[in-house]
Amino acid sequence: MISLLWEQHSLLVIIVLFFNLLTVLSNQRTLRKFHQFAPPARWPRVSVLVPARDEAANIRPCLESLLNQDYPNYEVIMLDDHSGDQTWEIAQDVAARFPHLRLLKGKPLPGGWLGKHWACHQLGEEASGELLLFTDADTRHAPTTLRHSVAALLNEDADLVTAFPREEVKTWGEKLIVPIMAWGIMAFLPLRLAYRFALPGLSVSIGQFMLFRRQAYERIGGFAAVRAERVDDVALGRRIIRHGLRWRLMDGGDHVRCRMYRGFWEAVDGFSKNIFAFFNYHLALYLLGWGWVSLMFIEPALSLGAYYLTGETLPHAPFPQAAIAVLLSLLIWYLAYQRFQFPLYLIWLYPLSMTLFVLIAMRSMVQTLTGRAEWKGRDLARPVIRWL
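Under the working numbering, think of the first position of the sequence shown as 6, with each following residue one higher.
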């Protein structure tokens, strides 16, 4: 049976890619933009909460964009999480021009907490709003961001609205790695099914932009409930579903911009921290999953390359199946990258991008298993590994 499946796996790859294509096409219609919603009758108070650690290069434009919103009822609070650079001094300079900006110094990190989670927990305790917007210090916001995102949350009757920002990619390392996150969600997360069946495994949250109803945030336990989870945004989104609450994913690219990482190695380190955690440390399933991804997206391209160079394809990826798989992959990449405004020439490099991402996934696993994972100068505790 296993031998037969291996012999026919190229056909199975085509079938799965076809369903990935259908998922992308469906998500293109389901994923809405902030400006598509009517203004509400009342504008609830919003607390905009910004944790910052060593963000001297980003904090000024981030805060200034948030302090220039056209929303009638909001506050902005920034917490400096023991930065070793000029983050605090720059924030003080901004506060001198915007008196309604509140600045906090983070308390010492308690045992059992990850740094950003502790910073966000402190921010949540200081907030006065009915709605809480957690956003990263490397984001930039259009003046209408609050107004349109609040309208989206209220019109959708959601407890959490999370959004894709416009991810800015400038170096080749960023271009090859960063867009895969958005591509993966578009190709593998069918939003209509996720909304209908409300399964925690069919959900995603984007930590760069999470707008909660305060009551929902407190009901799920806030950041205290996920204090040791490396992928805090995903963990919070799953708790929303487990508590019977409602979430929506939006395309926030017209309102929010972010340069997530600066350069190849920063991107590698960032994703290495998160990928194994995203899969809940299920080791066998993790290895099988990435092996399958390699068969779907790398093997067909290698087979066509071998055919071009030698006239022979790989043994279990004959030319017709490999060509169809590559064409389907190119179409999936094109639709996802076009939607999120990534350079379209990158679709031709998808085999290289996917190879890099598989290697990063293996690095994430090895660093976690050996206890060598760290982020921003802080060691990350070794989690419980699940073998299945």
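Don't be surprised by glycine CBs; every beta carbon is placed ideally from N, CA and C.
These numbers were taken from a predicted model, which means no experiment stands behind them.
Could you pull out every residue in the same chain whose Cβ sits closer than 8 Å to the Cβ of residue 283, ignoring the five residues on either side in sequence?
236 and 239
Hey, how far is the Cα of residue 20 from the Cα of residue 348?
28 Å
In whole angstroms, give me the CA-to-CA distance for residue 173 and residue 145.
11 Å
Between residue 169 and residue 258, how many whole angstroms is the CB-CB distance? I'm expecting something under 8 Å.
6 Å
Between the Cα of residue 89 and those of 272, 381, 366 and 82, spot the shortest distance and give me the residue it belongs to.
381
If the criterion is Cβ atoms closer than 8 Å, does the pair residue 64 and residue 101 meet it?
no
I'd like to know whether the C-beta atoms of residue 132 and residue 82 end up nearer to each other than 8 Å.
yes
Host alpha helix (DSSP H) of residue 274 (start-end)
269–283
Decide if the segment 337–354 is in contact with the segment 182–199; the criterion is three or more beta carbon pairs, one per stretch, under 8 Å apart.
yes
For residue 230 and residue 246, I'd like the C-alpha separation in whole angstroms.
14 Å
Within 10 Å of its beta-carbon, does residue 313 have 16 or more other beta-carbons around it, so buried, or fewer, so exposed?
exposed
So is residue 13 buried or exposed if we call it buried at 16+ other beta carbons inside 10 Å?
exposed
Hey, how far is the Cα of residue 373 from the Cα of residue 293?
18 Å
Could you give the residue range of the alpha helix (DSSP H) that holds residue 94?
92–102
Under 8 Å Cβ to Cβ from residue 196, same chain only, skipping five residues before and after it: list those, please.
31, 32, 35, 36 and 254
Report yes or no: do the segment 50–70 and the segment 117–135 share at least 3 C-beta pairs separated by less than 8 Å?
yes
Excluding the five sequence neighbours on either side, which residues of its own chain have a C-beta within less than 6 Å of the C-beta of residue 376, listed in chain order?
387
Taking residue 167 as the reference, which of 75, 212, 334 and 46 has the closest Cα?
212
Would you report the Cα separation of residue 114 and residue 223, rounded to the nearest angstrom?
21 Å
As assigned by DSSP and simplified to three states, the class of residue 214:
strand
Among 46, 383, 392 and 217, nearest to residue 242 - alpha-carbon criterion:
217
Which of the three DSSP states is assigned to residue 303 in this structure?
coil
Helix or strand or just coil, what does DSSP make of residue 250?
coil
Measure the C-alpha to C-alpha separation of residue 117 and residue 371 and round it to an integer number of angstroms.
22 Å
With DSSP as the reference, please indicate the residues paired to residue 83 in a beta bridge.
55 and 108
By Cβ distance, which residues of its chain are closer than 7 Å to residue 110, with the 5 residues on each side in sequence left out?
85
Can we say the segment 260–274 touches the segment 171–186, given the rule of at least three CB pairs closer than 8 Å?
yes
Compute the beta-carbon to beta-carbon distance between residue 305 and residue 330, rounded to the nearest angstrom, for a pair I have assumed lies under 8 Å.
4 Å
In this structure, does DSSP put residue 377 in helix, strand or coil?
coil
Of the listed residues 56, 327 and 251, nearest to residue 161 (C-alpha basis):
251
Using a Cβ-Cβ cut-off of 6 Å (strictly less than) and excluding sequence neighbours within five positions of residue 203, which residues of its own chain qualify?
246
Would you tell me roughly how many angstroms separate the C-alpha atoms of residue 366 and residue 47, rounded to the nearest one?
45 Å
Closer than 7 Å to a non-hydrogen atom of the ligand ZN - does that hold for the CB of residue 364?
As far as ligands go, the structure on display features none, and thus does not contain the ligand ZN.
So, for residue 383: in the same chain, excluding its five sequence neighbours on each side, which residues have a beta-carbon less than 6 Å away from its beta-carbon?
120
Three-state secondary structure (DSSP) at residue 387?
coil
Would you call residue 244 buried or exposed, if buried means 16 or more other Cβ atoms sit within 10 Å of its Cβ?
buried
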